[in-house]
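Residue numbers (the numbering used here), protein chains in the order written: chain W, 1 to 337; chain Z, 338 to 674; chain X, 675 to 1011; chain F, 1012 to 1348.
There are 4 protein chains.
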Amino acid sequence: MIIIMKNEATRVQIDAILGRIAELGLKPLCMPGTEKVVLGALGDERVLAGLRLENHPQVERVIPILSPYKLASRELYPSETVIQVGTHQIGTPRFTVIAGPCAVESEAQLMAAARHISAGGAVFLRGGAFKPRSSPYSFQGMGEEGLRLLAKARETYGTAVVTEVLSTEEVALVAGYADVLQVGARNMQNFRLLREVGRSGRPVLLKRGMSASISELLMSAEYILSEGNPDVILCERGIKTFETAYRNTLDLTALPILKQKTHLPVIVDPSHAAGHRDYIIPLAKAALACGADGVIVEVHPDPAAALSDGQQSLDLPMFDEMMRQLRRLAKVEGRIL
Amino acid sequence: MIIIMKNEATRVQIDAILGRIAELGLKPLCMPGTEKVVLGALGDERVLAGLRLENHPQVERVIPILSPYKLASRELYPSETVIQVGTHQIGTPRFTVIAGPCAVESEAQLMAAARHISAGGAVFLRGGAFKPRSSPYSFQGMGEEGLRLLAKARETYGTAVVTEVLSTEEVALVAGYADVLQVGARNMQNFRLLREVGRSGRPVLLKRGMSASISELLMSAEYILSEGNPDVILCERGIKTFETAYRNTLDLTALPILKQKTHLPVIVDPSHAAGHRDYIIPLAKAALACGADGVIVEVHPDPAAALSDGQQSLDLPMFDEMMRQLRRLAKVEGRIL
Amino acid sequence: MIIIMKNEATRVQIDAILGRIAELGLKPLCMPGTEKVVLGALGDERVLAGLRLENHPQVERVIPILSPYKLASRELYPSETVIQVGTHQIGTPRFTVIAGPCAVESEAQLMAAARHISAGGAVFLRGGAFKPRSSPYSFQGMGEEGLRLLAKARETYGTAVVTEVLSTEEVALVAGYADVLQVGARNMQNFRLLREVGRSGRPVLLKRGMSASISELLMSAEYILSEGNPDVILCERGIKTFETAYRNTLDLTALPILKQKTHLPVIVDPSHAAGHRDYIIPLAKAALACGADGVIVEVHPDPAAALSDGQQSLDLPMFDEMMRQLRRLAKVEGRIL
Amino acid sequence: MIIIMKNEATRVQIDAILGRIAELGLKPLCMPGTEKVVLGALGDERVLAGLRLENHPQVERVIPILSPYKLASRELYPSETVIQVGTHQIGTPRFTVIAGPCAVESEAQLMAAARHISAGGAVFLRGGAFKPRSSPYSFQGMGEEGLRLLAKARETYGTAVVTEVLSTEEVALVAGYADVLQVGARNMQNFRLLREVGRSGRPVLLKRGMSASISELLMSAEYILSEGNPDVILCERGIKTFETAYRNTLDLTALPILKQKTHLPVIVDPSHAAGHRDYIIPLAKAALACGADGVIVEVHPDPAAALSDGQQSLDLPMFDEMMRQLRRLAKVEGRIL
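Right under this line is the structure:
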C-alpha cells in the first residue's frame, strides 16, 4: 500500500503512521520527495484496512497495490473455473447460448420458445418468472406458475433453466426449480441477496450493474464465492452512458480485462444492452470474437405480442440466423457450438 | 402517445394499429408526412401499454406524452407533501438537517455524535446499523444492537432516527426502532424492498441510485406510494460520471426539476457524493440555495477512527461551522433553521 | 415535427402556432389530449427551424421526426459510399487495416513500421506529425519533417498516408503530403476545421469525440459533406464513461447503428479506446465481427521506447498475430484481407 | 513517482529501471512486497516523463505523485489571481455577472440586452459573433459585424465585451474588439487555439469541455499560461452524463476542488448546463453559495424570437429577479454585487 501525505504533514505525524504500520507486522517505508512525503507498507496490505489511513487528516491519498478481491482473482487461482449444470458445462471451449423469452407469459409461449431454441442447439432456456420492472404498473411476472412451466420445458426439451431471483425470501423457491439462479443488474449490489445465493447450492449468473465498474462486479462475485459457492458466471450487459441511440453501451472491452483478472466464465447479454433486435446478431458475434464464453439472448415466438422487452427479442428465424453466424465464427475461433 | 412508423410501413399495417387504438377507447390520428407516417392516440395513453406498440416491427419509435408515474406527479397532486415524523416535519419552510455517523460503531461514538448534533440544532440522527459494503471483508454494521443504540440516543436527546434497511426481512425489525426508513442508492431499484417499505407505516427516505435518472427515481417513489405510503422523501446523492477528482457528481440541477415534477420533499446528501469532508460545507450551502428541503450529512466525533467513510465525515467543529453558514443562508432564503 | 404544449397553453396561443406552421407551407395538426395538447407539422420540417418553436414559453417539448443530417443519411442516399485512395478503396468487402506508430519519431522508426505493416498486408500507414497532447510539456510531433518521412515511406513501400491535421492553417500543408486527412476526436466539433477539410480535396477520416453522440458524429460529417467532399470515413474510438479499468469504452453498438443510418464507411480504433496493447487484438476482431469496414491500430517497432502512447502500441509480432486472426475471421465473414 | 511492476518482472529488469531513475538524478527506491514489487522515484518526477516507464512491458502501473500542471497549480502559486479587464476585476470578493444573448442578432437586440443588464448591475456583456453550431444548417453568427455591435454597446453602456473565438485565424480580429476572449467547451482541447489566445494579450475565459475532467481543464489552462498569458478565467458549464431531463449535468463540486487546486478565478455557466431558463436562477444561486467568483448567463430581450438557445435565455424580468436573489445571497456570503 502506498500512502501519499499532504504537504503540511509533520515528521511526528508521519512517524506515528509508520509506527502503526510496523505494529501490524508490515514493513514500513518512508520516501521523502521534493514536494510530498510518500509512505509504503509492504506485506499483506489487507491487514491495514483496520487502520483506515484514508481517514487520517494528513493523508492525501491511499493507493492499494493488491486487488480487493481474492477468491475471484486469477492471480491467486490461475486456472479456469468450469461450471457443471446438469450434464452441461459453462467455461469450456463450448460456447454457451442461453436463450428464451424475457418473461414467461404462458405455456404455449414458453414451450414454443424452448422447442425452437433447443432444436437450434441452445441447451439453456432463460425466462423470467419474477420480473423487476421500473414501473409498478407493468407486468411483474407469473411467479411460481412461471417456474413450473420452466421446469416443464426442461422435462420436455432437456433445456437447463436460467431464471432470475429478486429477493432473499425467494431464493429457496427459485432454487427448487432452476438450474442457474440469475442475479439481475439492479441487484448486483444487493449484498443480502448475494450472500443468500452464495448459500443456495446453485450456480449463479451475476449480471454487471448498469453503472458498476469491473472491479465492483468482481467484488460482488466475491460475496457469493465467500459463502462457499464457487460457481459464478459473470455477465456483461451494457453500462449507462450519455448515448441515447440505443439503451445501454455494451462494454466488450470488459471481456479481455475480466479474462485477465478472473478465472470465472464471462458471458454477454446483447439484448438488454442494445434494446433493439436489429443490433443483437452483430453484437453476439462481436462477443464471441472478443473472447466471451457465451451469450444470453432474448427470443420470443411472437415479439410483437411480448408482455415485456418485445422490441429487443429475436423472433425465431432471427435466432436461427444468429446461430448460423455464431457457428461459422466459432469454428475459426476454436470454440464448439 | 405519438407513434412514428418506419418508412416501409404499409397502409394496411397502419390501419390495423389505428383500429387497435380506437378499440381501446382512445381517439386515433394519422399524420402522413413527406417521409414518414406519424400516428397519435388521444386519451389516457396508459391504457395503450397493453398494445406494446414499441414491439411492432413496423413501428420506429413510441413517444409518450404523459409521465409514467401518477401518485408522485405534481400535475395530478399539486400541493407540497409535508411529512410528519414524531413532532418534527419535513417539507415545510424549516430546513431539515439529518446528521450523524455513517455507521453506528459504539455507544460512546453514537452518543457523542447525537449530543453534539442535537445541541447544534439537528433533530434527525442518522447512523447505519446494517451497512451495504462493496467488499464482503468490510465492516457490515452492528445489526440490532446498533438499532438499540439509535433508540437510546432518541430517548436521551430527542433526535428522530433515520437508518437504512437492506432487505425485506429486516423491514419489520428496523421499523420497530426507526422513525424514518432509508432505502440506499444501491437498492433504489430493489422493487421487493420498495413494496415492503411501502407497507411499513414509516416515512421512507429514498436515495437516488448512482446511475438512476430523475424519472427512474420518481418511478421508484411510485412503488412506495402505490402501496399506500404517502411519506416519501427523495434524496439526491451524486451520480456516476467520468470525473475522478471526487467520488460522484452531485446533481443539483435535479432539485429544480424534481420540485417542478413532484410534490415530494427533496433533500441532498453531499457527503456520499463528494467523498471528502473538504467539499461538504460548500455543497450543503449550494443545496440550500438551490431549493433543497434539507441535507443529510455524515458527522463523526473522531473521523480518523471511523470504521467506514471516515474521509467524508465532518468532525464536530466542522459540523458547527456548516450549521452557522447554513443558518446565515436560510435567513435570506426564507427558510427556518 | 411534433410539438407538445404546456398544460397552461391557451387556445389563442395554440392557434397562433398553427397559423405560423401553415404560413410556412406545412400542414398543421392539432390533437387535444386529456391532459396536454399536441400539435403536428407535416412536410419538410427543416423549414420550421426558423420558427424556433422550442423557445416558445408555452411549448413543453419539440420532437423532430426527420434526422437533422441529410447528405450523411442513408434514407436519402441508400447505397454504400466507396472511397478511392490512390489505387486502394475503403468501404468495399475488403477489410481496411490502417497501422503505424502514434507519432512519427524518426526515419528509422517510421520505415521499420511501414516495412513491417506493408509486408503484413496493411496498405495504409498511420503516423502523427502534428500531435494533440493534453500537456503543453509533452512531445508535440515532428511537424513537416514528419510529413516528409510519411511521404518517403509511401514511395518506398506503397503505403497510403493517413495523418492528423490540427488546425485550418495546416490543412493545405498536410494535404500536400497525405492521402487521407485525419480529424481527431478532440476536434470533432472544431467546425472551422471541418469546413476546411471539406474543401481540401482529400478523403477525411473523422474520429468520434470521446463524448459525442452518434448523431453529433453524423452532424460533423455533414459539415464536411456539405462543403462538397463526399469522402468521409467515420471512426469509433471509445467514449468517456465511469469505468477506469481501461482508457475509454469502445462503443461497438455504434457500428450496426451507423450502418443503418449512413452510407459512409465506418472503421474502429481499438488502440485509443483500450489504452493498452493487451486488449487490441480481441477488440479488433470484435470490430470485424460486428460489421466494421476496417480498423486503425498503433504499431511501433519498439513500444517501450515510443515517445507517445507506447502502452497501447502493438509490437511487430503482435501486429502479425492480429493480422493472422483477422484474416481467419474475414474469411468466414465474407471480407477480403 | 510510484511504479508498480508486474508479478513476472525479473530482478534484472527491476535493476535496469532503478538504474535509469538514478541516471536522471532522482533517488530510486525498491519495495519488494509479498506479491508485487513497487518502485519509487524521489525528486522532480517530471524529469522521468522521458523514460516513458508506462510503456515498459514489465510495468503494471505508473502513479504520479505531483500534478501534471505547474503554472496553474496553487501549490506553486498560492495567492489568488486577480484579472484586470479595463476598470473591472475578476477574482476579487466582487461577484462577476457576465450576461447577454447567446448570439448577437441585430443592433436592436444587442443594445436592448446591454442597456438592461448594465442598468441591472452587470458590467460584462456576452454575445457570440462567431457561433459553433452542431449543424451546418444552423445560424453561424454575424461575424465581424457582430463584433462591431459589441464594441458599440461597450461605448454606449460601458460594458466590457466577452465573446468567443473559434479558430486561430480569428484571434487577432476578435482581440481587436473584445475585452475577454472566450474559448468554448468544444475547443477546450483545440491546442493550437489555446496557444494562440495565450499570445493574444487578452484575458481568456476557458470553458470546461463537456467531457473534460477537472485535471484536463487545468492542463488546457496550462497551455495558455505557458505562452505567457497569466489571465485565465475557468468556467464550469456542465458535463455529459446519462441524465436526459436537462442538457448537461452542472458539476458544482468542481468549484471547491478547483479552488483547492488552482489560484485562477472560476465562474459558472448555468444556462448551457441546464438548457432551460426555468432552472437558471436556482443554479446561479447555488454557484454563488458554493464559492464561484461569478456566473455567465444568457439573457435575451425576446427569448421566443432568439436565433439560438432561446429556450435557455432569461428574459429581462427574470434577469432582474436573478440579480435580486444573487444580491441577497452575496451579502451574507461576503461578496459584493
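For each residue, glycine too, the CB sits at the ideal point set by N, CA and C.
DSSP state of residue i mapped onto helix, strand, coil
i                 : result
Glu1247 (chain F) : strand
Gln109 (chain W)  : helix
Gly802 (chain X)  : strand
Met318 (chain W)  : helix
His88 (chain W)   : strand
Val634 (chain Z)  : strand
Pro28 (chain W)   : strand
Ile1015 (chain F) : strand
Ser608 (chain Z)  : helix
Leu337 (chain W)  : coil
Leu1077 (chain F) : coil
Glu1071 (chain F) : strand
Thr1092 (chain F) : coil
Val434 (chain Z)  : strand
Beta carbon of residue i nearer than 8 Å to that of residue j
i                 : j                 : result
Val1194 (chain F) : Val1182 (chain F) : no
Leu880 (chain X)  : Ser894 (chain X)  : yes
Val330 (chain Z)  : Gly428 (chain Z)  : Nothing can be reported for residue 330 (chain Z), as the shown portion of chain Z is limited to 338 through 674.
Arg277 (chain W)  : Pro303 (chain W)  : yes
Leu799 (chain X)  : Leu824 (chain X)  : yes
Ile4 (chain W)    : Val47 (chain W)   : no
Met210 (chain W)  : Ser548 (chain Z)  : yes
Leu258 (chain W)  : Arg335 (chain W)  : no
Gln999 (chain X)  : Gly949 (chain X)  : no
Arg1063 (chain F) : Ala715 (chain X)  : no
Pro101 (chain W)  : Gln109 (chain W)  : yes
Ala286 (chain W)  : Ile267 (chain W)  : no
Buried versus exposed, by CB contacts within 10 Å (16 or more), residue i
i                 : result
Thr833 (chain X)  : buried
Pro540 (chain Z)  : buried
Asn1018 (chain F) : exposed
Val232 (chain W)  : buried
Gln758 (chain X)  : exposed
Lys668 (chain Z)  : exposed
Glu253 (chain W)  : With the sequence shown as reference, residue 253 (chain W) is identified as Thr, and Glu is not the correct amino acid for it. Buried, because 16 or more other Cβ atoms sit within 10 Å of the Cβ of Thr253 (chain W).
Gln260 (chain W)  : exposed
Pro1147 (chain F) : buried
Val632 (chain Z)  : buried
Listed by chain order, chain W residues near residue i by CB distance under 7 Å
i                 : result
Glu1344 (chain F) : The contacting residues do not exist; Glu1344 (chain F) stays about 26 Å from chain W at best.
Gln985 (chain X)  : Ordered by position in chain W, no residue passes the 7 Å Cβ test against Gln985 (chain X), which lies about 15 Å from the chain.
Cys964 (chain X)  : Pro282, Leu283, Lys285, Ala286
Pro405 (chain Z)  : Ser135
Contacts that residue i makes with chain Z (C-beta to C-beta distance below 8 Å)
i               : result
His56 (chain W) : Ala641
Proximal chain Z residues relative to residue i, where beta-carbon distance stays under 7 Å
i               : result
Tyr77 (chain W) : Chain Z residues near Tyr77 (chain W): none, gap ~16 Å exceeds 7 Å.
Pro28 (chain W) : Under the 7 Å cutoff, chain Z gives no residues; its nearest Cβ is about 18 Å from Pro28 (chain W).
Interface partners of residue i on chain Z, CB under 9 Å
i               : result
Pro64 (chain W) : Residues of chain Z passing the Cβ test: none, with the nearest at roughly 11 Å.
Beta-carbon neighbours of residue i, restricted to chain W and to distances below 9 Å
i                : result
Leu503 (chain Z) : Asn190, Phe191, Arg192
Residues that residue i contacts on chain F, provided the C-beta gap is smaller than 7 Å
i                : result
Ser900 (chain X) : Pro1147
Phe656 (chain Z) : By Cβ distance, chain F contributes nothing, its closest Cβ being about 17 Å from Phe656 (chain Z), past 7 Å.
Chain-ordered neighbours of residue i on chain W, where CB pairs are closer than 8 Å
i                : result
Ser889 (chain X) : Ala245
Closer than 7 Å at the beta carbon, the chain X residues around residue i
i                 : result
Asn1198 (chain F) : Asn864
*Enumerated in chain order, which unbroken segments of the alpha helix (DSSP H) with a length of 4 residues or greater are wholly contained in the stretch 515–602 of chain Z?*
Entirely contained in the stretch 515–602 of chain Z, the alpha helix (DSSP H) runs reaching 4 residues are, in chain order, 528–535, 551–562, 591–598.
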